[in-house]
Each structure stands twice: as C-alpha cells, then as structure tokens.
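Asker:
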Amino acid sequence: MDAGEASELQAQLAAAVHALNHDANSSARLAANQWLLALQRSPQGWAVATALLAAPDPPPPADLLFFAAQMLRRKIQSPDPALPGAGLAPQLLDALLHAARRFAAAPAPRQLLTQICLALSALALRAEGGVDGLFARMPHLPAPAVLELLTVLPEEAAQDQAGDTGVDSAARCRFTREVLAHAPAVIEFLHSQSEKVPADDDVVPVHERNRRILRCLLSWVRVGCFSETPATTLATHPLLTFAFNSVQVSFSFDVAIEVMTELVSQHQELPEAFLNKMPYIREVLLLPALASRSEKIVAGLACLMCEVGHAAPALVAEGGSQALALADALLRCVAFTTDDWEIADSTLQFWCTLAHFILGIDAKTAKRNAAQELFLPVFSSLLDALLFRAQIDTDEHGTDGAPCIPDGLAQFRMNLEELLVDICLLLGASAYINKLFSRGWDFSSQSVPWKEVEVRMYALSMVADTILQDESPFDFSMIMHFVNILSSKTPLELNGSLFLVYKSFGDVIGSYSKWLSSSQSNIKPLLLFCASGITKSVSSNACSLALRKLCEDASSFIHEPQNLEILFWISEGMDKGNLRLEDEEEIVSAITHVLSSVRDKELRKSSLARLLCSSYSAVEKIIDIDRDHSLRQNPAIYTQSLDLAVRGLYRMSALFSHLSTSIASGLVDDDIILVLLGIFWPLLEKLFRSSHMENVSLSAAVCRSLSSAVHSCGQHFHILLPKVLECLSTNFLLFQRHDCFLRTAANVIEEFGHKEEYGALCVRTFETLSSASSISTLNSSYTCDQEPDLVEAYTYFTSMFIRFCPKEAIVASSTLLELSLQKAAICSTAMHRGAALAAMSYVSCFLEVVIAAVIGSPECIPDGSPGVALIQILARCGEGLLSNVLYALLGVSALSRVHKSATVLQQLAALCGFCERTTWKAVLSWSSLCGWLQSTVKSLPSEYLKQGEAEMIIPLWLKVLEDAGSDYLHSRTGDNIRNHQGYMQGKGGRTLKRIIRDFAESHRNAPTPCPS
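In the UniProt record's numbering, the protein residues as written are 1 to 1012.
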C-alpha cells in the first residue's frame, strides 16, 4: 500500500469513526460500523492503525486514536489471522510501546493508554517469551504507562478463555507462570511507588496515583502474587499497610477495600491480623460513617468485615474482644436503614457461617455451651435487627395501584430463610417464638401495628419445619386473636396494603394448620380468614394453600353445616373470575377433600353436585352462545363468557383429580361417580360438538377436565369410550394445531388400551389421527421445529399406543407404526430440544417393546406376534434411524441429546446382538447394525467429519456398541431385571455414553444437519 492509498484510507477511517460516534442518522452509523468491521478484518488494518498511533504532532483526534488502538487489540486477539507475520511482530511491539510512552499522561485520555496496554498484553500472551521481552522494555516507559501495563497484564492471565479463541489453556498457563515469575519485582515497584514523595512536576496527582497503585495491586493479588510470601511477612507487608491506610481516604476507599477483601479470601493467615484491627475499624471508620449516613463507606466496611468473619469463624466463635467488636459492627450494618437492602443482605452469609460453626460443635460440650452462651445475645439482637429491616411499607404500591413488596426487600426476605432457621436452632424453638411475641400485644382492631405483626408472621412461617420438628408447646392464642380481627373486617375495611398481612398469616396458617385446627373453635374464624384473603391477588395463593391444608388436617371438624356453607361461599366467590387458575384448583381440591369425607351419602352427593353447579352454568352459557349467534357479536361478553367457561372446566378437572384418591380409599362410591358423570359428560359432549373448540384455551381446558375424569372414574367411562375417542379424533382433524386432543387420546389409550375389546377402537383412532395433514407433513426437521408441541403430542400418543394396546392392535397398525418410527427418527434431528427428545423417547419406547418381545420368544418366531411386525419394521427403518441419530449428534444442539442418543444406540445394539444368537437372525442380525453404521458414516457429507474420522469411527463404535449391548441384555435377564432402572449401567454403556458425548462436543461447530 503506497503513501497515497494509506492517506486516503486514513481519511476514510476518520470519517467512519466520526460518523459512528457523532452522526444523528442511524443508517449512517450502521454503514460506518459495517465499514469499520470490514477494515478491522482486512490485512490493511495493521498498517493503518499503527500509522495512526505513530502520526506526528499534533496527534489525530482522541476517538480516532482510541479506535486504532482498539482495532490492533482485536486483531491481535483474533484467532485468524493471528499476527501480521513473524517479521512484523517486533515492529508492532515497538509501535505499541512508543504509543504507550507518547500517550501516558494528559492531555491523552486514560482510556487510550488502557487500550494500548491491553494490546501489548494480548501480544505478550501470544508470543514466545513475550512476557520477559515486555518486562525488559518497561524501564524505558514512564511510571503511569508501567502502572497501567502492570494492571492489565495479570488480568489477561485471568480472562475467560471464551473471550480469546486464539489461545489454548496450555498457552494461558505458560503466560500465567511467566507473569508470576516477575511478581517480586512488581511488588517492589509498587512499594517504591507507594512511598514516592509527591513532586511539583508529577503528571498524575498523588490521590490518582495511589488509586492506580491499588488497582494494579488488586490485579496482582487476584493472580496470586503473594502465594510465595511467608505468612509472618505478609501480615506486616508495607503494601498491606498502604492499602489499609488508603481505606481512610475517600478517593481510594473502594479499591483499597477490594484489595484487602481479596487478600483475606486468598490467605488464611490474614483474617487474624484483620480481626485485631476490628476495634479500630469499628470506632474510627464505621461509627462516623453510620453517623454521617455514608452508604458507600458502610457497604465497603461491611463487605471487608464479613469476609474476615467468613474466613475465620473459629476465631470469631472464641469470642474475644475483637470478635465481639466485629459482631457489634456487623449488627449495626444490618440495622442501618437505606433505600435498598444490599448492605444488610451482604452480611447474611457471615451470620450463617458463624451459626453453622457454633451448631457444628459437638452438642452438650463445654466449648459448644460457651460459644452458644456468648453469642445468644448477639443472635437475639440480630433477630431484632432483621425483623426491623424486613418490615414492609404498607403504603408501597405498584404501577397498577396494587400493594407490593419492593424487589430488593423480596430478595432480602428470600435470602433470610436459612439464617432465620439457624437463629431458631441457636435460640431454641420456644425462645424464638417468645422473641417474636415478646411485645405483649393486646390491641384493639383499630390500633394494631400491622407492619410489626406481618414481619413476625413472616419470620414464624420461615422456620415452620424446625418448630414442628421440635414439638415444643406453642400458644396460638395471639395468632388467633389477630385472625379473628382480620376475619371480622368488612369489605370496606379491607384496604389494599392489609392483604400483604393476609399473605403472611396465610403462610403461617398453612404451615401450622395441624396445630391450629386441633381446636374446633378455631375452624370457623380460620375459614373466614381464608375466605377474605382469597379475594385479593396478593394473598390469594397463600390463603388458598392454607385452606387446602386446613381441609386436609381438619376435615372432620369442617363437616359442620356452618363451616360447609363457608366453603360453598368461597367456591361461589370464584365466579368473579379474579383468581389465578392455580388458586382456584387449590380451593376446589380443598373443598372436594372435605365433601368426599362427609358421612351422609345423600349430603355428600348433593354437595359435590352443588360444587360443580357454577362450573356447569359457566359452560352451559358458552354453549347457549353457540345456539344464539347474536350473543357472539358482542366481543366483551363473549370473551368474558369464554374465560368463565375455561375456569369452570379447570375446576371440574381439579374436582375429578382429587376424587381419584377418595375413590381409591372407598370414600366415594359408584353412585356418586355416576351422578357426577351424568352431569359432566353430556355437557362436555355438547362442547366438543360446538364451534368454540377452535379456541385454544377452551379446548385445552376441555381436554384437561376429560383426562382427569378418565383417570379418576376409570371403569365407569368404558361405555362412553367410543364417543370420547370419536370426539377427540374429529376435533383434531378440525383443529390440527390443538395438540391437546392428541395428548388426551393418549391418556385414554393409557387407561383402556390394554383391554382387548377396545383394540379395534384404538386402531381406528390411530388411523384417524394419523390421517391429519399436520401429521403427514412431519417429514423434515424444519417442519418439526415449526410444530414442536405437535411432535411431542404425536410421539406421546404413539408411545402410549405401542406400550398399552393389545397385540392384535399392534399387528393391525404395523403400517402406521412404521410411518411413526420414520417420523420420530426425522424429528430427533430437530433444533427444538423438547421435540427432539420426545421423538427419541418414542424410538426408545419402540425398541423397548421389540426387545421384550424377542427376549420372550428366543427360540421361535410366533405367527401373528407383534414382535414379528415390529422387528420387520425395524429391519426396514434401521438404517434411516441410525442415520438420524448420528445427525442429531451434530451441531450446537447435540449435547442435550447425548443421553437419549446413547440409550437408543445401546438398545439397538442389544437387539441386534440378541437376534444374532437366536432364530430371529433371519430378520435382524449384528451384521445389519454393522451395515447401517458403515452406510451412514460413509454417506455423511465431508464437511461433517474430520479427515480420517470415518475410518476410525466405524471399528471403534462397533466395539463399544457390542459391549454396551451386552451390558443392557445382562441387566434384562434373570435376577438383574429387578435392578433394571435405566441404561448406561454397565462399563460398556458408560463407555458408549462417553464416546457419544466426545463426538457431540467435537462436532458442535458442524453445519446445521439436514438429513434427507
């Protein structure tokens, strides 16, 4: 490139950088960025960037120089091309060192020097002896440049390898060793810089210089510069003293804290030295910062003190004056109020570590008793501080006006759980409870400090498991006092913020329901409380769960008429449609549990029917809209009716799901089931034949309720089975994107498919579903990625069919099963993880059934056997199956399929190996597998495999497959079948999985597989 071309290119570069940084037009910025990226990738980039940095005075604009330095760094770090050539690398080093000397101080921006030093570090990493060469040239650089270069150099050693694709781990380890070899000299340099007396001609102010020294020291501490320093020397090292003194200077405070925190975490000798400084830190640094409300200082000191305590809990637990000063200081940090909870949150790990250490000392020993006695007041005060900081602001509201807990407080409360449990264990359950209720509250409903009450309920619910295990006596009168106040409030009195209190009380009632419900007098107020709390979204989940727990733990008490009426009042309140579906399901399950155990049969029957009544009405209303089309013209009414119908169907589903346990235990007899089905099925049949089924939410709700009813009612559904499957098949043909019909048909097959009288019906259903165009088009991985839910539903149905249907149905459906296996093999190569794994699961299920069939008849091939039909299918589809499994192991998605792929291959090897030794060899043999593997590997496009890999794979994989297949067969024969819980159990199976994983990892960058 001649001088004219270079000058023109520099002008274009200057214009592009200016446009990128200053042009208001986004299109111009985009075009400039594209041009700059192209230049960065071009060979001319080296010369242009180097020339700009070496340009004579006055230098080019700062942003242009910055881009030139950044471009050199990125080109050096780029794996291809790595460097401009062996002869030019020294010239590049000279140019960068010259630039570092030139731009070491103002008016050059600091960021420019940083980019130049980053480029030098990247160059040293990639050059043999680069570190030593760089250190040899450092004496010729000004001190600011040396400091910056020494700061970024160890950071290069610690960088994540993913950022530098051109450097392997061995080269990075070599670089780290070379850097650390110069650590003594660097430490001495930093020491001399820290003691340097300020001069008038210093280009860097002293406070800025000290901060840079600390930043450099931090980089070297992180890479382990003091690893060879004796413990006695390190604690009194001048640089440690320099860092500690810098804590008292606001300009360098944060970096000094980082340095000391890093040192404490790395060197186990230092916590004791820092612990001795705790009284000074507390009195001289922390207390003034707390008084002046300097959050930055308090947060930094808390971080350092926590690291000291976390690193040496044994020293703290000894309880000397320094340890108690540390504990007192951190207690003050917890209680320090700020707009967020980060400072208090940062101390939690220390308190947990200390509590775990004390609790870990052998119980009932003098050491344990002494530590516990010494720190009980500390943890008691800590509980007070935590309760104070965890209080909610009942006036806090979200953008929608609803009461809310700030995200920071919610996270703080979540992180508190472990520590509250530890405090409860240290204090003892009784003392913990007394601490929570030590205020002696006896307020009227008008003067209750709800913020304090709520946080104590929260703290009580967090330790429920610990208190329940302790089984200490617990007086719940205070809780019931507040429950009575809350449950007696009128709707007008229930302001939004009060529902945050309901939430915490709901958590307590759910956690301690067995104890609370042991007194019959508590039942009514508890139910009324739940009824009130359920009505608001903030507390609905906690109160619905509490209701379910109460109904499970006190169902006999709830049978009283007044309590049953409260339950029905709650169920009727759901018609307002303001609850989440999950909460409605909890409520219905709770009420169903109670009604199922009512002793009076007629009352039980009428009560369950009453529970279904509102759901029935909601579904009837949507069916009426189908008859009267004028009602459908109003979108608002139709949408509301649709939502209520969906909710009603989910409630029916919850009722039938819960009934299954009552039926199994004999609480619900056949008469009741028949009554419920008499209400349920005619309604569902009308809905199946309505136009509303095109709505995805409604069809999903219908199918869910039907599946629940089928699983619960079992044999009572057999008369309806033809209608049920006909409705599912017809609707799937009409609305083929609604995979719920396929899944529900699979559930029906699972429940009834094993009965021979339904074999023909199952076959007809399979034929109808398979005739859908959406199923027919599942013949490419692209299509599978477009319809992953459909793939999962279809493979689930075929798995249930082949697993549960009688042998006659299997034989009659051999053509459909062959098509399904082909589709599953193709779908296993889909990019969508769920679709691919579902397809592989079906393939594995298919092979499992075949293996069971051939193992059951090793010496003869029975006519009309499903094993014959299935193994013939496999003989025809085996090569395609193996090919697709191999394609599934290529590309970025392959690692998620390693286990499933290895499972399928092990089963395939086991099947072929078994057939080789039996009469089944006429249909399938080991040579079949050998031929499939050879054909598949040889047909792979050349870009998918490395040179010579095809010749290596075939013999290696065949040997491993043979061993893995033998292991699988061994696990399925004799007594071993009892312990057969999966695959990959034997050495051969584990070796196969390792080889499959290695293959997938080494081919992650292969082109996206597109098997034919």
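For glycine and all other residues, C-beta sits at the position ideal for the given N, C-alpha and C. Nothing here was measured: the structure is a model prediction, and the numbers come from that model.
Which of the three DSSP states, helix, strand or coil, is assigned to Leu9?
Answerer: helix
Asker: How would you write the range of the alpha helix (DSSP H) that Ile679 sits in, first residue to last?
Answerer: Asp670 to Phe688
Asker: Grab the span of the alpha helix (DSSP H) containing residue 1020 for me, first residue to last.
Answerer: One cannot answer for residue 1020 here, as it falls past the ends of the chain, which runs 1 to 1012.
Asker: Would you call the stretch 502 to 520 and the stretch 551 to 559 in contact, with 3 or more CB pairs under 8 angstroms?
Answerer: Counting Cβ pairs under 8 angstroms, three or more are found: they touch.
Asker: Can you tell which of Leu9, His267, Pro58 and Asn484 has the C-alpha that lies nearest to the C-alpha of Gly45?
Answerer: Leu9
Asker: Quick one: Cα of Tyr887 to Cα of Thr919, how far?
Answerer: Taking the straight line from one Cα to the other gives about 32 angstroms.
Asker: Can you say whether Gly982 is buried or exposed, counting buried as having 16 or more other CB atoms within 10 angstroms of its CB?
Answerer: With a pLDDT of 48 at Gly982, under the threshold of 50, the modelled position of that residue is not reliable, and the figure given next carries that caveat. The residue is exposed, with fewer than 16 neighbouring Cβ atoms inside 10 Å.
Asker: In the structure shown, what three-state DSSP assignment does Phe103 receive?
Answerer: coil
Asker: Which residue wins for smallest C-alpha separation from Arg876, given the options Arg110, Ala902, Ala830 and Gln822?
Answerer: Gln822
Asker: Using a Cβ-Cβ cutoff of less than 6 angstroms, which residues in the same chain neighbour Ser615 once the five nearest sequence positions on both sides are dropped?
Answerer: The answer, listed in chain order, is Gly648, Arg651 and Met652.
Asker: Where does the unbroken alpha helix (DSSP H) through Tyr502 begin, and where does it stop?
Answerer: Leu498 to Ser511
Asker: Please name the residue in Leu214, Asn731, Cys225 and Ala531 whose C-alpha comes closest to that of Asp254.
Answerer: Leu214
Asker: When we look at the beta-carbon of Leu96 and count the other beta-carbons within 10 Å, is it buried (16 or more) or exposed?
Answerer: buried
Asker: Would you mind stating whether Ala49 and Val204 have Cβ atoms separated by less than 8 angstroms?
Answerer: no
Asker: Determine the DSSP secondary structure at Met840, reduced to helix, strand or coil.
Answerer: Three-state DSSP puts Met840 in a helix.
Asker: State the Cα-Cα distance for the pair Thr233 and Asp328, rounded to the nearest angstrom.
Answerer: 30 angstroms
Asker: Between Lys367 and the rest of its own chain, which residues show a CB-CB distance below 8 angstroms, the 5 nearest in sequence each way excluded?
Answerer: Residues Ile361 of the same chain have their beta carbon placed closer than 8 angstroms to that of Lys367, with the five preceding and five following residues left out of the count.
Asker: Inspect the CB distances between the stretch 991 to 998 and the stretch 866 to 884 and report whether three or more fall short of 8 angstroms.
Answerer: At 8 angstroms Cβ cutoff, the stretches do not touch.
Asker: If you count every other CB in all the chains shown that lies within 10 Å of the CB of Leu420, and 16 or more means buried, which is it?
Answerer: buried
Asker: Identify whether Arg1004 lies in helix, strand or coil by the three-state DSSP scheme.
Answerer: Residue state, collapsed to three classes: coil.
Asker: Taking the continuous alpha helix (DSSP H) assigned at Gln70, which residues delimit it?
Answerer: Ala62 to Gln77
Asker: Tell me which residues share the same chain as Ala28 and place their Cβ nearer than 7 angstroms to its Cβ, disregarding the 5 neighbours each side in the sequence.
Answerer: Ala19
Asker: How many angstroms separate the CA atom of Ala838 from the CA atom of Leu895?
Answerer: Answer to the nearest angstrom: the Cα atoms are 15 angstroms apart.
Asker: Mind checking Asp160: buried by the 16 CB within 10 Å criterion, or exposed?
Answerer: With a pLDDT of 48 at Asp160, under the threshold of 50, the modelled position of that residue is not reliable, and no figure is offered here.
Asker: Would you tell me roughly how many angstroms separate the C-alpha atoms of Pro58 and Ala119, rounded to the nearest one?
Answerer: Straight-line Cα distance between these residues: approximately 23 angstroms.
Asker: With distances taken between CB atoms, is the gap from Val811 to Ala869 smaller than 8 angstroms?
Answerer: yes
Asker: Sort Leu734, Ala709, Gly759 and Val696 by Cα distance to Pro722 and report the nearest one.
Answerer: Gly759
Asker: If we ignore side chains and look at the alpha-carbon of each, how far apart do Asn731 and Cys740 end up?
Answerer: For Asn731 and Cys740, the distance between alpha carbons rounds to 10 angstroms.
Asker: Counting only the same chain and skipping the five closest in sequence on each side, list residues whose C-beta sits under 6 angstroms from that of Leu608.
Answerer: Leu595
Asker: Taking the alpha helix (DSSP H) that Lys823 belongs to, which residues open and close that run?
Answerer: Ser814 to Cys827
Asker: Which value, in whole angstroms, describes the spacing of the CA atoms of Met138 and Ser121?
Answerer: 12 angstroms
Asker: Measuring alpha carbon to alpha carbon, tell me which residue in Ser927, Phe476, Gln268 and Glu155 is nearest Cys216.
Answerer: Glu155
Asker: Can you find at least 3 beta carbon pairs, one from the stretch 498 to 509 and one from the stretch 452 to 462, that sit closer than 8 angstroms?
Answerer: yes
Asker: Taking 8 angstroms as the threshold (C-beta atoms), are Leu386 and Val308 in contact?
Answerer: no
Asker: Suppose the cutoff is 7 angstroms on Cβ atoms and the five residues either side in sequence are ignored; what does the same chain contact list for Leu698 look like?
Answerer: Taking C-beta separations shorter than 7 angstroms and ignoring five residues to either side along the sequence, the partners of Leu698 in its chain run Leu642, Ala645, Val646 and His692, following chain order.
Asker: With DSSP as the reference, label Thr353 as helix, strand or coil.
Answerer: DSSP places Thr353 in helix when its eight states are reduced to three.
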